[in-house]
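Let me begin by presenting the structure, written as structure tokens, before commenting on it.
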Amino acid sequence: MITKFNRLIVVLLVVAVALYFVLLNNSQITVYLYPGSPISANAGAILLAVFALGMLFMALIALWFGMKSYFRERGLIAKDRQRQAFYQGMIKARSYAATAEWVKAKEHWESVIKKDPTDIIARIELSRTLEELAREGSCEMIEALRVLDAARAADPSNSEVLARAAELNLALNNKTAALDNLNLMLYHHPNAKSALLARNVAEDLGRIDDAFEYQRRLEALSVNTNHAEITARLSFKKLLLEHSTDQESLRAQLKQFIKKNPEHAPALTKLAEIEAASGKLDEAAQLYLKASKSSGDSQAWHLAARHWLKANLPDKAIAAAKLTTGETSGEARIRAEMELIRLYLALNMLEEARQHLDGFPFLLKRENVKRGRDLMALYLSLKGLCLSRMGEYQHSSDIFKKLCEQEPELQDFIKDVEHAPSTEAPAPRLSTP
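Per my numbering, residue 279 is the first one in the sequence shown, and the count goes up by one each step.
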């Protein structure tokens, strides 16, 4: 009630001021809105009319800008709602992906992409989901690559898109395409990870010159300390490609290479193969032994021993075997010990072989090496063979029974031993190294 009364007082005051203004300016004036249209009236009335028209005009302008602000705000609110719905869709899709529900994740990512076809993150995540479905056999891996192509069209220089495309091409064994993607990534965003992957892919493709170039980029981007080793490996592969048709030239180049890289096992092994093919068995054995020491590979040592035996130099084979066992530790020590035992058996040095076989369990404990199934099967086989050759058939039979507990399919292998009298020689196949 008081408010209405106050409003009435304000209106009356405005009317009173207007009347006062009109009465105060009561002279007649003529106003022309356009030629030939005079308007004569009280000066105060005309001034009030002009003032009212100005207020109306300003009100219309304010209304126009107000309407624009209103519609702009409504648009922002709608976009925010759409963004929130988009965000919630992404959260649901990622939740399904986190729980390996790939079909539901795929449906939600596709829904997100329908709302915003230009969203790169959604396409990248959909490609990952399709890759997982491809591994389960629900779709083809190529579908993941097609989804990513649209993201590449939207932003060709996006590092994540290029990295993802490289991953998918590698999964599809499209190494050339993967290398192209990595090239683009290194152009737009040089980084050590891409340079490393590009070098490995180029090396797998046999593009050694390109691999060298990526290695140089990697050295400029990374502080890794094994660059010299990798450069040596690439140089060795390049050497093989350039001299693959000329063995004499290859031998000379390998010797020069080994002078610079004396511990490069692949080069030592390759030169050993060449020397063995030319009948230089002792030289080949020496090179195999060096390769074995450098790489810790017992297979290289085994080849060295075979070549010494072929060259009728068993003493060198045994000496090298003992040297190898003395210079190694851990699993390498165990492998060297097994090779030494096999060598003793091959040379029919049964007492020495048995001595090492008896001490083998203590050696495992000392070197802190677990008794794996394959290792124990080999140990039992060698011990059974040794005892069989020494004429201890009952003991060898017990050993082979233990072996069969690990390998049931070997039951037929010891039937001859079980049924043979203890004074008879074992079946010939049990005496083969």
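For every residue, glycine included, the Cβ atom is placed at its ideal position computed from N, Cα and C.
Is Thr454 helix, strand or coil by DSSP? helix
8 Å Cβ cutoff met for Ala363 and Ala371: no
Is it the case that the Cβ atoms of Ala480 and Ala489 are separated by a distance below 8 Å? yes
Looking at C-alpha atoms only, which residue of Ala412, Lys680, Ala444 and His466 is the closest neighbour of Leu457? Ala444
Beta-carbon proximity of Ser437 to Met463, cut-off 8 Å: yes
Using only CA atoms, which one of Gly669, Leu475, His634 and Glu609 lies nearest to Asn447? Leu475
Run through the segment 548 to 595 for me and flag every whole alpha helix (DSSP H) of 4 or more residues, listed as ranges in chain order. 559 to 573 and 576 to 588
What does Ser318 pair with, by DSSP beta-bridge criteria? Thr308
Measuring straight from C-alpha to C-alpha, what distance separates Lys594 and His580? 13 Å
Using three-state DSSP, classify Ala340 as helix, strand or coil. helix
Does the beta-carbon distance from Lys515 to Ile536 come in below 8 Å? no
Taking the C-alpha atoms as reference points, what is the distance between Glu403 and Leu546? 47 Å
Who are the near neighbours of Leu623 in its chain, counting only those whose CB is closer than 8 Å to its CB and skipping five residues on each side? Ala631, Leu660, Leu663, Cys664, Arg667 and Pro711
So, using beta-carbon positions, are Ser570 and Ala562 closer together than 8 Å? no
Measuring straight from C-alpha to C-alpha, what distance separates Met279 and Leu290? 17 Å
Grab me the residues of Ser573's own chain with a C-beta within less than 8 Å of its C-beta, minus the 5 sequence neighbours each way, in chain order. Ala543
Got a sec, what are the start and stop residues for the alpha helix (DSSP H) Ala422 sits in? Met419 to Ala432
Where does Arg667 fall in DSSP's three states? helix
How about Ala614 and Thr606: do their beta carbons lie closer than 8 Å? yes
For Ala378, which of helix, strand or coil comes out of DSSP? coil
For Met616, count neighbouring Cβ atoms within 10 angstroms of its own Cβ and tell me buried if that reaches 16, exposed if not. buried
What number of angstroms, rounded off, separates the C-alpha of Thr523 from the C-alpha of Ser389? 59 Å
Is Lys588 closer than 8 Å to Leu567 when the C-beta atoms are compared? no
Residue ranges of each alpha helix (DSSP H) run of no fewer than 4 residues wholly in the segment 458 to 509, ordered along the chain? 470 to 482 and 486 to 499
Looking only at its own chain, which residues have a Cβ that is under 7 Å from the Cβ of Ala498, when we skip the five neighbours before and after it? none
For Arg649, which three-state DSSP category applies? coil
Reducing DSSP to helix, strand and coil, say where Gly604 ends up. helix
Helix, strand or coil at Asn284 [DSSP, three-state]: helix
Once the 5 residues before and after Asp394 are set aside, which same chain residues still bring their CB inside 8 Å of it? Phe364 and Ala400
Since Lys453 contacts Leu483 with CB under 8 Å, what's their CB separation in whole angstroms? 6 Å
Give the straight-line distance between the Cα atoms of His505 and Lys392, rounded to the nearest whole angstrom. 47 Å
Does the distance from the C-beta atom of Gln534 to that of His521 stay below 8 Å? no
Going by the CB atoms, is the gap between Ile307 and Ala321 shorter than 8 Å? yes
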